[in-house]
Amino acid sequence: MDGPTFRLQVFLRGLSFFRPKARRITILKLALFIAGYVWMLSIPSTRLDRGVYFDENALQPGQVNTYWNWKEVHDADHFLEELETLRDSNATSEQRSQYIMREFLKIGLSASTQNYEFTGLHNDINGTNTYAILSSPRVSGAEATVISASWISRMDEGDGTLNLRGVATVLALSRYVKQYSLWARDIIFIISDGYMEGMQAWLSEYHGVTQSNIRAQRLDLSSGVIWTALNIDYPGHSLSHLGIFHEGLNGRLPNQDLLNSFQHISRRTGVSVVLYDHKDEPELRWLPESIRTHPEIKTYAAQARNLWRHVGYQASGRGSGVHGLFHQYRIDAFTMFAVPSAGPHGFHSLGRVIESTMRTTNNLLERLHASFFFYVLTSFDRFVKIGNYLPSAILISVAMMFGGKTAN
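Our numbering puts the first residue of the sequence shown at 12, with every later residue one more than the last.
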């Protein structure tokens with residue numbers, strides 16, 4: 012038998028040897044795909060999630076008496092009237108910032124402004140941030156916490172709705188906390204111009220980071236390392252629920268203990284909590300009534316909607332609010348979103364929740380680290396651990412790997 016014929020026979024025998032294996036690989040690949048997608052569809056169910064809990068014992072959420080009362084509500088109403096006057100007179104960013112800085116100075120805080128210019132794809136944006144620092148009377152100021160509000164609300168993803176009540180809340184809160192000497196770290200109050208661009212300019216300068224499309228003025232005032240940040244967004248007249256927005260840039264998330272503390276405090280205060288702004292159950296009109304009214308189906312649909320929105324933020328790499336800019340500097344932050352409604356809550360309830368949350372983070376002896384940084388919230392009080400949602404992606408990835416191997 013000549014050489015070429017022999018080599019051809021060896022090649023054909025090799026093909027007959029691999030053909031059954033190829034069929035088995037195809038079956039295995041199909042099984043992995045099915046298992047991965049079934050697992051993925053199971054993530055919103057109550058079978059894979061569990062109730063939230065606290066890992067950091069130092070927090071002690073909801074264990075303090077709050078003193079925010081109707082006097083502070085009157086202060087917030089007064090600030091709101093002044094801000095509405097500025098809005099109605101079409102005041103410039105510089106005029107608004109000068110008013111806010113004067114109010115901070117009247118309270119007795121160190122305050123300053125920061126001009127910036129943001130170069131976008133279609134236009135340039137100029138603005139002026141205002142910030143103030145309450146120095147801690149108990150420590151050296153090596154650490155700090157931030158209370159912030161942007162001039163434009165995240166309502167409809169920053170469509171231009173003004174966050175006047177959020178700004179008024181920060182101003183009233185700064186006057187209120189100045190009365191007490193219990194703070195264990197500096198408190199930085201920031202009123203950022205615009206929606207996200209103002210806070211990005213401030214954070215970049217604070218941490219000494221340069222960005223090619225932002226020209227920002229150097230900060231006159233500075234403090235220590237920022238541990239936590241609470242962003243307040245209150246676009247409506249009143250609120251019915253407080254929503255949690257927590258996704259940061261490029262999929263970063265805050266330590267879960269911060270969110271757990273907030274929702275625990277809010278419910279103890281009497282304010283209902285929701286994830287995002289989802290206060291109504293999803294409509295399932297395409298399903299028969301006997302199915303869509305079943306409790307498990309309603310729960311699954313609500314949690315699937317939350318999961319879908321979370322994945323949207325994660326996949327796009329954008330934050331769900333101003334708080335998302337803090338995560339890139341290892342600062343645990345989230346946005347308290349006052350879901351607009353005719354009632355029943357307002358400045359009084361919101362102020363008590365913020366004060367108690369601040370008092371809780373004030374108990375920290377070190378950065379939050381004990382709880383999860385990789386998780387999926389299916390509801391404000393339930394979550395899926397990484398070990399319960401990651402296998403779906405792994406199964407699908409392995410199936411795709413077999414597909415690539417077969418193609419080669």
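In this text, a Cβ means the ideal position worked out from N, Cα and C, and glycines have one as well.
Check whether residue i and residue j have beta carbons under 8 Å apart
{"i": "ASP66", "j": "SER390", "result": "no"}
{"i": "ALA160", "j": "ALA87", "result": "no"}
{"i": "SER104", "j": "THR139", "result": "yes"}
{"i": "ASP231", "j": "ARG165", "result": "no"}
{"i": "ARG363", "j": "THR280", "result": "yes"}
{"i": "ALA349", "j": "LEU250", "result": "yes"}
{"i": "GLY73", "j": "SER301", "result": "no"}
{"i": "LEU379", "j": "LEU214", "result": "no"}
{"i": "SER360", "j": "VAL282", "result": "yes"}
{"i": "GLY330", "j": "GLU258", "result": "yes"}
{"i": "ASN242", "j": "THR346", "result": "yes"}
{"i": "ALA315", "j": "GLU292", "result": "no"}
{"i": "LEU260", "j": "GLN339", "result": "yes"}
{"i": "THR3", "j": "ARG196", "result": "Residue 3 falls outside the range modelled here, since the chain spans only 12 to 419, and no answer is possible."}
{"i": "GLU154", "j": "GLY235", "result": "yes"}
{"i": "VAL75", "j": "PHE358", "result": "no"}
Terminal residues of the beta strand (DSSP E) in which residue i lies
{"i": "ARG393", "result": "393-396"}
{"i": "ASN283", "result": "It should be noted that the sequence gives Ser, not Asn, for residue 283. SER283 -> beta strand (DSSP E) spans 283-286."}
{"i": "SER390", "result": "386-390"}
Nearest-angstrom Cβ-Cβ length linking residue i and residue j, presumed shorter than 8 Å
{"i": "ALA227", "j": "TYR127", "result": "4 Å"}
{"i": "ALA143", "j": "PHE200", "result": "5 Å"}
{"i": "THR124", "j": "THR141", "result": "5 Å"}
{"i": "GLU216", "j": "PHE129", "result": "Contact flag wrong, Cβ pair sits at about 13 Å."}
{"i": "ILE225", "j": "GLN211", "result": "7 Å"}
Pick from the options that is closest to residue i, judged by C-alpha positions
{"i": "LEU52", "options": "TYR400, ASN137, ASP204, LEU120", "result": "TYR400"}
{"i": "ILE407", "options": "ILE36, ASP170, TYR48, LEU39", "result": "TYR48"}
{"i": "LEU70", "options": "ARG279, VAL395, LEU375", "result": "LEU375"}
{"i": "HIS248", "options": "THR172, LEU264, HIS289, THR37", "result": "THR172"}
{"i": "ARG263", "options": "ARG61, ILE405, GLY205, ILE342", "result": "ILE342"}
{"i": "GLY102", "options": "VAL75, GLU258, TRP162, ASP135", "result": "Residue identity differs from the one stated: residue 102 is Ala in this sequence, not Gly. Here the closest residue by C-alpha is TRP162."}
{"i": "LEU145", "options": "GLN125, THR124, LEU116", "result": "LEU116"}
{"i": "GLY119", "options": "LYS189, GLY152, ALA153", "result": "LYS189"}
{"i": "ASP288", "options": "PRO246, ILE54, LEU269", "result": "PRO246"}
{"i": "PRO402", "options": "ASN373, ILE54, ALA315, ARG176", "result": "ILE54"}
{"i": "LEU59", "options": "ILE405, LEU388, MET412, TRP79", "result": "LEU388"}
{"i": "TYR386", "options": "GLY335, ASN266, ARG329, GLN274", "result": "ASN266"}
{"i": "SER223", "options": "ASN317, LEU39, LEU132", "result": "LEU132"}
{"i": "HIS275", "options": "THR371, LYS290, ARG113", "result": "THR371"}
{"i": "ALA179", "options": "LEU253, MET112, SER147", "result": "MET112"}
{"i": "ARG61", "options": "PHE413, GLU377, GLY398", "result": "GLY398"}
{"i": "ASN68", "options": "ASN373, LYS396, ALA404", "result": "ASN373"}
{"i": "PHE337", "options": "HIS252, HIS218, PHE413", "result": "HIS218"}
{"i": "LEU253", "options": "GLY177, ILE198, SER108", "result": "GLY177"}
Endpoints, the alpha helix (DSSP H) within which residue i is located
{"i": "GLU294", "result": "Premise fails: GLU294 is in no alpha helix (DSSP H) and is neither H nor E."}
{"i": "HIS275", "result": "267-280"}
{"i": "SER56", "result": "Per DSSP, SER56 belongs to no alpha helix (DSSP H) and is neither H nor E."}
{"i": "ARG263", "result": "Looking at the DSSP string, ARG263 is not in any alpha helix (DSSP H), and its letter there is neither H nor E."}
{"i": "GLU67", "result": "Careful: GLU67 lies outside any alpha helix (DSSP H) and carries neither H nor E."}
Ignoring anything shorter than 4 residues, give me the alpha helix (DSSP H) runs that lie fully in the segment 185-259, in order along the chain.
208-217
Scan the segment 97-182 and note each continuous alpha helix (DSSP H) run of 4 residues or more that stays entirely inside, going in chain order.
104-118
Quick one: complete alpha helix (DSSP H) runs, 4+ long, within the segment 326-381?
358-372
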